[in-house]
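First the structure, in the form of structure tokens, and then the observations on it.
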Amino acid sequence: MRVNRLFLALLVFISASCAAAEEPDKTVVNDPNAQSEMAVETLQYFMQQGEDISEARHTIHYFYDGNHVGLLEALKARGYTVRPTVGDDGVVAERMDVTDEKWRVETLKALSELANAYGSEYDGWEAAMTRQGRN
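Just so you know, my numbering puts 8 at position 8 of the sequence shown, and the rest follows in order with no gaps.
See the structure below:
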């Protein structure tokens with residue numbers, strides 16, 4: 001009888017361990033340094049194309065999963081115009097920004113940390129190459 005209980009306990013432990021292993025990790029970790037480093041090439045390309053990165057340009061940021069409502073409100077409080085993604089599985093945040101070195105380091109770090117706080121994936125950004133009003 002004692003062996004059967006031990007065997008049953010072992011089966012329950014193995015079953016629970018397998019179920020836990022099958023659960024996807026829902027913890028999202030956005031690396032602010034990685035986002036900042038990825039932006040280096042983009043900003044260099046802008047400058048090679050004659051863009052003045054000290055001038056404000058339209059920027060768009062993408063976030064997926066996590067607490068959309070909380071993230072949306074936090075981004076609004078930081079001056080972004082926000083809307084849900086087409087599939088309603090994330091948030092799109094837009095505003096005019098100067099995409100210089102300070103922006104690359106500070107803004108991308110802040111957005112990565114904000115995404116982490118709301119359990120979201122910061123999927124990156126895009127920016128206009130030719131600013132509005134430029135001939």
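We put the CB at the ideal spot given by N, CA and C, even for glycine.
Relative to the C-alpha of residue 34, which residue among 130, 111, 129 and 127 is closest? Locating residue 34 in the sequence shown gives position 34, counting from the first residue. Nearest to residue 34 by alpha-carbon distance, out of 130, 111, 129 and 127, is 111.
With a threshold of 7 angstroms on Cβ separation, who are the neighbours of residue 30 within its own chain once the five nearest residues in sequence on each side are excluded? Indexing the sequence shown from 1 puts residue 30 at position 30. Closer than 7 angstroms at Cβ, skipping near neighbours: 112, 115, 116, 121 and 122.
Here's a check: name, in chain order, each residue in its chain whose Cβ is nearer than 7 angstroms to the Cβ of residue 162, leaving out the five neighbours to either side. The requested residue 162 is not part of the displayed model; the chain covers only 1 to 135.
Hey, is the stretch 40-55 in contact with the stretch 74-92, meaning 3+ C-beta pairs nearer than 8 angstroms? Too few Cβ pairs lie closer than 8 angstroms, so no.
Residue 39 and residue 104 look like a contact to me (Cβ under 8 angstroms); what is the Cβ gap, rounded to whole Å? For the purposes of this step, residue 39 is taken as residue 39 along the sequence shown, with counting starting at 1. For the purposes of this step, residue 104 is taken as residue 104 along the sequence shown, with counting starting at 1. That belief holds up - the Cβ atoms of residue 39 and residue 104 are roughly 5 angstroms apart, short of 8 angstroms.
In chain order, what residues of the same chain lie with their CB nearer than 6 angstroms to the CB of residue 87, ignoring the 5 residues before and after it? The residue labelled residue 87 in the question sits at position 87 within the sequence shown. Cβ contact annotation for residue 87 (same chain, cutoff 6 angstroms, sequence separation greater than five): none.
Per DSSP, what kind of secondary structure is residue 110 in: helix, strand or coil? The count along the sequence shown starts at 1 and reaches residue 110 at position 110. Here DSSP, grouped into helix, strand and coil, assigns residue 110 to helix.
What are the partner residues of residue 121, as DSSP defines its beta bridges? The sequence position of residue 121 within the sequence shown is 121, counting from 1. Per DSSP, 64.
Since I believe residue 62 is in contact with residue 92 (beta carbons under 8 angstroms), could you give me their beta-carbon distance rounded to a whole number of angstroms? As a first step, residue 92 must be located in the sequence shown, where it is residue number 92. As a first step, residue 62 must be located in the sequence shown, where it is residue number 62. Cβ atoms of residue 92 and residue 62 come within 8 angstroms of each other, at about 6 angstroms.
From residue 130 to residue 59, what does the alpha carbon distance come to, in whole angstroms? The residue labelled residue 130 in the question sits at position 130 within the sequence shown. The residue labelled residue 59 in the question sits at position 59 within the sequence shown. Between the C-alpha atoms of residue 130 and residue 59 there is a straight-line separation of about 12 angstroms.
For residue 70 and residue 53, the rounded distance between their alpha carbons: Here the question's residue 53 lines up with position 53 in the sequence shown. Here the question's residue 70 lines up with position 70 in the sequence shown. Rounded to the nearest angstrom, the gap between the Cα atoms of residue 53 and residue 70 is 31 angstroms.
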